[in-house]
Every structure is written in C-alpha cells, then in structure tokens.
Amino acid sequence: MKNKVQACLTKDDIVDSLKNVGVNPTAQRIAICQFVLCQGDHPTADEIKTWVDQHFPKLSLATIYNTLKTLTDAGVLREYKFPHSGKSFYDNNLVDHYHLLDEESGKLIDIDSKSINVSKGFLKEFTVNKMDVIFYGKHKSQVDG
C-alpha cells in the first residue's frame with residue numbers, strides 16, 4: 082500500500098492537457114491543476130484552497146469547487162465522496178485502483194488493485210461499469226501502540 086509519486090507537469094503541459102479534454106485553460110484552472118495534478122495527494126477542496134491562498138489569494142472556494150467539477154466531468158480527476166464526513170477527495174490517478182481511508186489521519190491512500198482479489202462474478206444479472214473499493218482502518222501502530 083503506497084501512495085503514488087508523480088512527476089509534476091509543466092504549465093504548458095497542463096494547458097495542453099486541459100485543451101485536449103475540451104477545458105478552457107483559465108489562470109484559475111491552471112493554478113488548481115498545478116496543485117491537484119502535481120502536489121496534491123487526494124486533496125479536499127479545503128486543502129486546495131489552503132495551497133491556492135498562498136499563491137492566488139483572490140481565488141474563491143466556489144471557483145475551486147466549480148473547477149473541480151469541470152475537471153471531474155472532463156475525466157481529468159475522479160471524485161470520491163464520503164457523505165458521513167461531508168468530504169470529497171479528488172484523485173488524479175485514473176488507473177483502476179482501490180483506496181484505504183485512514184480513520185486516524187483522514188487521508189485517502191492508494192492500494193494497487195492487483196494486490197487484492199475482488200471479483201465482479203457474483204453479479205451475474207448485471208454488467209458492472211465501474212467498481213470502487215474503499216477500505217476503512219487505522220495504521221497498526223495506532224491500534225497496537
């Protein structure tokens with residue numbers, strides 16, 4: 082279980098990526114992408130806002146939410162909603178994988194889908210289009226120690 086290490090995209094790469102999916106690369110969208118695609122590891126809108134405030138202090142939380150929706154709708158990000166906490170996490174890893182929500186830290190951690198056998202075969206009457214698997218737990222050192 083390991084979070085991904087991703088090479089950061091240049092500003093030009095971000096602009097090209099947005100254009101390729103039909104998203105107008107505004108300054109605000111580029112700024113948000115710089116964090117979400119390069120530095121953020123399953124960030125929430127509030128975490129993005131904290132980073133953005135240091136670099137673009139006039140960017141509102143509403144703009145961040147609107148941009149995240151646009152990026153999610155365009156397939157640049159995946160949104161994982163947790164209704165019980167009211168949080169949404171945004172993931173730039175579009176390869177099929179599972180997650181663990183660390184209940185102590187509140188962080189969402191990637192798990193390689195090949196490391197766990199989850200079968201879709203029990204749903205014989207359905208065609209499965211998408212499957213999200215999320216485990217909930219605490220690091221053993223927090224439970225044992």
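Remember, the numbering used here sits 81 above the position in the sequence shown when you count from 1. Note that the Cβ used here is the ideal one computed from N, Cα and C, for glycine as well. Keep in mind it's a predicted model, so treat the numbers as computed, not measured.
**Request:** Could you check which residue in LEU204, VAL199, PHE137, LEU182 has the C-alpha nearest to that of ILE215?
**Result:** Your numbering for residue 215 matches position 134 in the sequence shown. When each option's Cα is compared against that of ILE215, the closest is LEU182.
**Request:** For the beta strand (DSSP E) holding PHE170, just list the boundary residues, first then last.
**Result:** Counting from 1 along the sequence shown, the entry for residue 170 is found at position 89. Where PHE170 is concerned, the enclosing beta strand (DSSP E) starts and stops at 168-172.
**Request:** Identify whether GLU160 lies in helix, strand or coil by the three-state DSSP scheme.
**Result:** Translated into the one-based positions of the sequence shown, residue 160 becomes position 79. Judged by DSSP in its simplified three-state form, GLU160 adopts strand.
**Message:** With the cut-off set at 8 Å, would you say VAL55 and ILE145 are in Cβ contact?
**Reply:** Only positions 82 to 226 of the chain appear in the structure, and residue 55 is not among them; the question remains open.
**Prompt:** Just reading off the beta strand (DSSP E) that LEU189 is part of, what are its end residues?
**Reply:** Taking the sequence shown and counting its residues from 1, one reaches residue 189 at position 108. Start and end: 189-193.
**Message:** Going by beta-carbon coordinates alone, are LEU118 and ASN173 separated by less than 8 Å?
**Reply:** As a position in the sequence shown, residue 118 is number 37, starting the count at 1. As a position in the sequence shown, residue 173 is number 92, starting the count at 1. Result yes, Cβ atoms of LEU118 and ASN173 sit closer than 8 Å.
**Message:** With a threshold of 8 Å on Cβ separation, who are the neighbours of GLN120 within its own chain once the five nearest residues in sequence on each side are excluded?
**Reply:** Position 39 of the sequence shown, counted from the first residue, corresponds to residue 120. CYS89, TRP132.
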